[in-house]
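With the numbering used here applied, the sequence shown covers 91 to 607. Have a look at the structure below before the remarks.
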Amino acid sequence: MPHPVTLPPSVRGLRPALLALGLLAAAASAAPAQEPRLTLEEVVRATLAASAEVRAAEAGVRRQEGVARQAAGAFDARLLTTVAAERVEDPTAGTAGAPAAATRGMEYGVGIDRRFRSGVVVAPQLSVSRAETPGSDVLPRSLATASLDVLLPLGRGRGGGLPTARERAASDSRRAGESELAQRRAEAVLRSVEAYWGYLAAVKRLEVQRGAEERAARLVEETRKLVEADQRPPADLVRVQASLASTRAARLAGEQGLTAARGELGLAMGTPPEALAALPAPATPFPAPADPAAGALPTPAQVAADALRARPDLAALRARRDAARTLLRGARGELRPRLDLTVRLGYTGVEEGGALGGMLPPLSGRSGVHAGVELSSGLALGNREAEGLALQSAAEEEDVATAERELERRIALQAGTAVETLRRSGAELEQALEAARLHSVAVENERRRFQLGSATLFDVLYAEDGLTSATLARIEGELRHAVALARLRAAAGSLAADPGAAPSPSTAPAPPEAGDV
Numbered sequence: 091m092p093h094p095v096t097l098p099p100s101v102r103g104l105r106p107a108l109l110a111l112g113l114l115a116a117a118a119s120a121a122p123a124q125e126p127r128l129t130l131e132e133v134v135r136a137t138l139a140a141s142a143e144v145r146a147a148e149a150g151v152r153r154q155e156g157v158a159r160q161a162a163g164a165f166d167a168r169l170l171t172t173v174a175a176e177r178v179e180d181p182t183a184g185t186a187g188a189p190a191a192a193t194r195g196m197e198y199g200v201g202i203d204r205r206f207r208s209g210v211v212v213a214p215q216l217s218v219s220r221a222e223t224p225g226s227d228v229l230p231r232s233l234a235t236a237s238l239d240v241l242l243p244l245g246r247g248r249g250g251g252l253p254t255a256r257e258r259a260a261s262d263s264r265r266a267g268e269s270e271l272a273q274r275r276a277e278a279v280l281r282s283v284e285a286y287w288g289y290l291a292a293v294k295r296l297e298v299q300r301g302a303e304e305r306a307a308r309l310v311e312e313t314r315k316l317v318e319a320d321q322r323p324p325a326d327l328v329r330v331q332a333s334l335a336s337t338r339a340a341r342l343a344g345e346q347g348l349t350a351a352r353g354e355l356g357l358a359m360g361t362p363p364e365a366l367a368a369l370p371a372p373a374t375p376f377p378a379p380a381d382p383a384a385g386a387l388p389t390p391a392q393v394a395a396d397a398l399r400a401r402p403d404l405a406a407l408r409a410r411r412d413a414a415r416t417l418l419r420g421a422r423g424e425l426r427p428r429l430d431l432t433v434r435l436g437y438t439g440v441e442e443g444g445a446l447g448g449m450l451p452p453l454s455g456r457s458g459v460h461a462g463v464e465l466s467s468g469l470a471l472g473n474r475e476a477e478g479l480a481l482q483s484a485a486e487e488e489d490v491a492t493a494e495r496e497l498e499r500r501i502a503l504q505a506g507t508a509v510e511t512l513r514r515s516g517a518e519l520e521q522a523l524e525a526a527r528l529h530s531v532a533v534e535n536e537r538r539r540f541q542l543g544s545a546t547l548f549d550v551l552y553a554e555d556g557l558t559s560a561t562l563a564r565i566e567g568e569l570r571h572a573v574a575l576a577r578l579r580a581a582a583g584s585l586a587a588d589p590g591a592a593p594s595p596s597t598a599p600a601p602p603e604a605g606d607v
């Protein structure tokens, strides 16, 4: 780390100017005027809370939840009740001049109809009826029947049929929506992390440029005094004024760069326009470069393996492929002929005489068990609805499978590129750090040579400019390395878990093959 050098009192005239120039070495690590308050974790939290893409993906998950519930409604039990009363006159039962005989009847019943996901339909029922003919010799009769019907589909509908397929496909689509939400979150985190590192770099650049401008301005004043005292030629003043103009232009460009970087970060965080100017200074430092010799960098194969297991965009495609495949099987099942086996088991009781109360306990009278088996079939002359659904599902499955293979290919390519970019950016940063250190030593050497009279003021100025450029290059190297690290973690599918963490070799097993999913 560069340090300012104290000049001995024997150096006259230029001592204040050289002391000012000597502060450049410490400018790269000087703390900003405003205490840093904005951390990377705070930026990520604010981004996830305000991202419109994340909100839209969350709404998509809720929409898929509604679709899944709607599909599950096909298996809700239905309670069926009936209450009926009737009066029927039989004109053939009367005599001439006498009113026709009338039969009065009442009936009530209750039943449950429940379809299971296996396709079996269970329908228990209880019905009670009573009939009486006032004035007749026929006693009132109450009849009660308790029965259980079980329908087993042997053809169309076997295994649950299309309702079960729709429910499972809706569940897969909901899972895809959750993965897409995770992908939107990861993309938002990557944008905010890159914007944060850009903001930090812009702050650091501006600090260096402001320091250089201040020192150049002081040097101009000191040189002007020396020129007026005939201790330096007027041409020296022109050169330092030109240097001041250059540093001032660089500072203005740095302020513009900070404004743009703050705007990018505010855009990623969802900061209101009126609060953008008050955005705090960054607090989280750039990540240190990993040491390739220590094995800290993962291999492309490890990154690709992590990505195939953890990337939410790939998981979303797999879930959508499963949904299309499930619907395709369900639609093809609907093209089979209908063949249903119904098993019926019941109990009937009869009670004669009595008032209306006889409708309540008829099962305690004369009773008997009845059972039956029914086999019914049907052949649709056309089922264009199922055929169309099968065509759509097959096309959807093929389309998603193609996208999945393409994404897997891109993941493999991105893994190699990301690892190589991180490795090279780390090496670049190491060289930039070394260059800044050497330029700091060069400044000290030139200042000692100037003290000994073997170097000119402009040799010192040239060395100081080199240190400024090396410091700015170091900041650019830190920025590129931090962005490369973030993109590597995004490629591996682990950025959202810990945005500021360094990469590490993965020991996770490879994901299952497509046929095992």
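The beta-carbon is built from N, C-alpha and C at its ideal position, and this holds for glycine as well. Here the structure is a predicted model, which means the values were calculated and not measured.
The distance from the Cβ of Ala-302 to that of Thr-337 is about 5 angstroms, consistent with a contact at the 8 angstroms cut-off. Rounded to the nearest angstrom, the gap between the Cα atoms of Asp-396 and Glu-284 is 22 angstroms.
If you draw a straight line from the Cα of Arg-422 to the Cα of Thr-172, it is about 37 angstroms long. Per the C-alpha coordinates, the member of Arg-256, Pro-402, Gly-516 positioned closest to Ala-147 is Pro-402. Ala-292 sits in a helix when the DSSP states are folded into three classes. If you look at Arg-153, you'll find it isn't in any beta strand (DSSP E); it sits in the alpha helix (DSSP H) that goes 142-162.
One thing to note: Glu-277 has its Cβ no nearer than 7 angstroms to the Cβ of Ala-406. Contact annotation: Arg-274 and Val-144 have beta-carbon atoms nearer than 7 angstroms. Between the C-alpha atoms of Thr-223 and Leu-216 there is a straight-line separation of about 24 angstroms. Burial check for Asp-262: the Cβ neighbour count within 10 Å reaches 16 or more, so the residue is buried. Between Asp-326 and Leu-547 a beta carbon distance of about 7 angstroms is seen, short of the 8 angstroms cut, so the two are scored as contacting.
Going by C-alpha positions, Asp-320 is about 23 angstroms away from Tyr-552.
Exclusion of the five residues before and after Ala-373 leaves Pro-126, Arg-127, Leu-128, Thr-129 as the residues of its chain whose Cβ lies within less than 7 angstroms of its Cβ. Fewer than three Cβ pairs drawn from the region 529-537 and the region 248-266 lie within less than 8 angstroms of each other, which leaves the two stretches out of contact. Note: Gly-439 is bridge-paired with Ala-234, Ser-457 in the DSSP secondary-structure output. Residue range 211-222 is occupied by the beta strand (DSSP E) that includes Val-218. A straight-line Cα-Cα distance of about 9 angstroms links Gly-458 and Val-440.
Short of 7 angstroms from the beta carbon of Arg-499, and not among the five residues preceding or following it, lies no beta carbon of its own chain. The Cβ neighbour count for Gln-504, taken over all protein chains shown within 10 Å, is at least 16; the residue is labelled buried. Under DSSP, the beta-bridge partners assigned to Arg-194 are Arg-177, Glu-222. Residue Ile-565 holds the alpha-carbon nearest to the alpha-carbon of Ala-525 among Val-200, Ala-470, Ile-565. Sequence-distant Cβ neighbours of Ser-466 in its own chain, meaning closer than 6 angstroms and more than five residues away, are Asp-430. By the Cβ criterion, the region 311-318 is not in contact with the region 355-366, since fewer than three pairs of Cβ atoms, one from each stretch, lie closer than 8 angstroms. Distance between Ala-414 and Leu-471, taken at the CA atoms: about 26 angstroms. Going by beta carbons, Gly-360 and Ala-574 fall outside the 7 angstroms limit.
In the DSSP assignment, Phe-540 falls within the alpha helix (DSSP H) that extends over 474-542. Beta-bridge partners of Val-433 (DSSP): Val-240, Val-463. Of the candidates Ala-213, Arg-220, Arg-538, Arg-220 places its Cα closest to the Cα of Ser-232.
Closest in C-alpha terms to Glu-518, from the list Leu-469, Ala-476, Pro-379, Thr-389, comes Pro-379.
Taken through DSSP and simplified to helix, strand or coil, Pro-323 comes out as coil. It is roughly 38 angstroms from the alpha-carbon of Leu-334 to the alpha-carbon of Glu-132. In its own chain, leaving out the 5 sequence neighbours on each side, no residue places its CB closer than 7 angstroms to the CB of Ala-343.
Membership of Leu-557 in the alpha helix (DSSP H) is indicated by the continuous run 547-582.
Secondary structure at Gly-245: coil, using DSSP grouped into helix, strand and coil. No Cβ-Cβ contact shorter than 7 angstroms links Arg-256 with Asp-203. Between Ala-476 and Leu-425, the beta carbon gap of about 5 angstroms places them in contact (Cβ cut-off 8 angstroms).
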